[in-house]
Amino acid sequence: MAEIEKDGGPREYRVEELAEAAGVSVRTVRFYRERRLLQPPRKEGRIAWYGEEHLARLRLIAELLDRGHALGGIAELIGAGERGRDVADLIGLADELIAPWSDETPVHLGWDDLHAAFGDQLTEENTTESIAQGFITVDEDGITHISRRLMDATVALVAEGVPLSAVLAVSRKAREYADATAEVFVALVRDRLLGALTHVEDLTPAEAARLTDQIRRIRPLARAVNDAQFTLAMDRRVRAEYEQLRHP
């Protein structure tokens, strides 16, 4: 049975029709009802009727899931909206918090290209280490690396005579240091900007907009600080190594 309009009024759906219109299963609709993500339907005897507002809510949930929000966070955003807050402002802050910091592009290399680049260094051990570091996925045609820049640098270092195993060992150590640096900046945002915030519903729209703008401004500053610190550290280390060579 198709969705109906009663006496020229708003369109209404049975649960199966609503699920089909939203592109989800009936089970999903009922799950959202149980989690109170979806408003109660209008009851007419034993029949539950859903309206356009329910379809709009399902589409909003799907959009937020596609953007990487968890159901718990979606429930908070929706709850805040129902209490009169501007959900768009709250979503903007949440999106800014979880948006990718990197602008790396993946690259796919076939097995012939990999053998040409690495030769007999394309071993099971080196492949396993690359997978463990989270940089590559393997398929029948070759591998996909999450970062073209890192892949290009690896190929270039090996071409300069640095063993692939040594590149991967340095990569693992650099990743550990990068994670530690990232935690410093995450703690800065968490402790100095978000403060005691534990739920998005604690924010007014104005506060959400202010924090969103702050985080956008901090992103390039964090990268600038990290780049400057790394190059200054390289200056110090190179000078120290050079002095050791001059005065062993």
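Residue 341 in this note's numbering sits at position 202 of the sequence shown, and the numbers go up by one each step.
Every residue, glycine too, gets a C-beta built ideally from N, C-alpha and C.
Under the assumption that residue i contacts residue j (Cβ atoms under 8 Å), give the Cβ distance between them as a whole number of angstroms.
| i | j | result |
| --- | --- | --- |
| Arg355 | Glu235 | 6 Å |
| Leu157 | Tyr189 | 4 Å |
| Gln260 | Leu303 | 4 Å |
| Thr283 | Ile275 | 7 Å |
| Ala367 | Phe324 | The Cβ separation is near 14 Å, so there is no contact. |
| Arg294 | Ala256 | According to the sequence provided, residue 294 is Val. The question's Arg does not apply to it. The pair is a contact, with the Cβ atoms about 5 Å apart (cut-off 8 Å). |
| Leu197 | Val163 | 6 Å |
| Ile357 | Val377 | Actually they do not touch by this definition, with Cβ atoms about 30 Å apart. |
| Val165 | Glu151 | Their Cβ separation, rounded to whole angstroms, is 16 Å, which puts Val165 and Glu151 out of contact at 8 Å. |
What do you get for residue i, buried or exposed, if any count of 16 or more other CB atoms within 10 angstroms of its CB means buried?
| i | result |
| --- | --- |
| Met373 | exposed |
| Ser241 | exposed |
| Arg385 | exposed |
| Arg287 | exposed |
| Leu203 | buried |
| Ile213 | buried |
| Tyr381 | exposed |
| Pro359 | exposed |
| Ala141 | Because Ala141 sits at a pLDDT of 43, beneath the cut-off of 50, its placement in the model cannot be relied upon, and the following sentence gives the value as read from the coordinates. Looking at its Cβ environment, which holds fewer than 16 other Cβ atoms inside 10 Å, Ala141 is exposed. |
| Val277 | exposed |
| Pro180 | buried |
| Val306 | buried |
What separation, rounded to the nearest whole angstrom, lies between the Cα atoms of residue i and residue j?
| i | j | result |
| --- | --- | --- |
| Thr167 | Ala238 | 27 Å |
| Glu264 | Ala363 | 35 Å |
| His208 | Tyr316 | 28 Å |
| Phe369 | Thr244 | 23 Å |
| Glu322 | Ala160 | 43 Å |
| Lys312 | Glu173 | 46 Å |
| Asp86 | Thr267 | The requested residue 86 is not part of the displayed model; the chain covers only 140 to 387. |
| His247 | Thr262 | 18 Å |
| Arg175 | Arg153 | 18 Å |
| Arg178 | Thr351 | Residue identity differs from the one stated: residue 178 is Gln in this sequence, not Arg. Distance between the alpha carbons of Gln178 and Thr351: 29 Å. |
| Glu191 | Arg206 | 23 Å |
| Asp116 | Val309 | What is shown of the chain runs 140 to 387, which leaves residue 116 out entirely. |
| Leu194 | Gly184 | 22 Å |
| Lys182 | Phe170 | 18 Å |
| Gly281 | Ala379 | 42 Å |
| Leu333 | Ala347 | 10 Å |
| Leu289 | Ile186 | 58 Å |
Can you tell me where the alpha helix (DSSP H) holding residue i begins and where it ends?
| i | result |
| --- | --- |
| Arg431 | Summary: the structure shown does not reach residue 431, with the chain confined to residues 140 through 387, and so no result is reported for it. |
| His193 | Glu191 to Asp205 |
What are the boundary residues of the beta strand (DSSP E) that includes residue i?
| i | result |
| --- | --- |
| Glu400 | No answer is possible for residue 400: the residues shown for the chain start at 140 and end at 387. |
| His247 | Val246 to Gly249 |
| Arg181 | Arg181 to Glu183 |
Would you identify the three-state DSSP class for residue i, choosing helix, strand or coil?
| i | result |
| --- | --- |
| Gln383 | helix |
| Ala372 | helix |
| His284 | strand |
| Arg166 | helix |
| Glu122 | This structure cannot settle anything about residue 122, because the visible part of the chain is limited to 140 through 387. |
| Ala317 | helix |
| Val277 | strand |
| Arg175 | coil |
| Ala238 | coil |
| Ala209 | coil |
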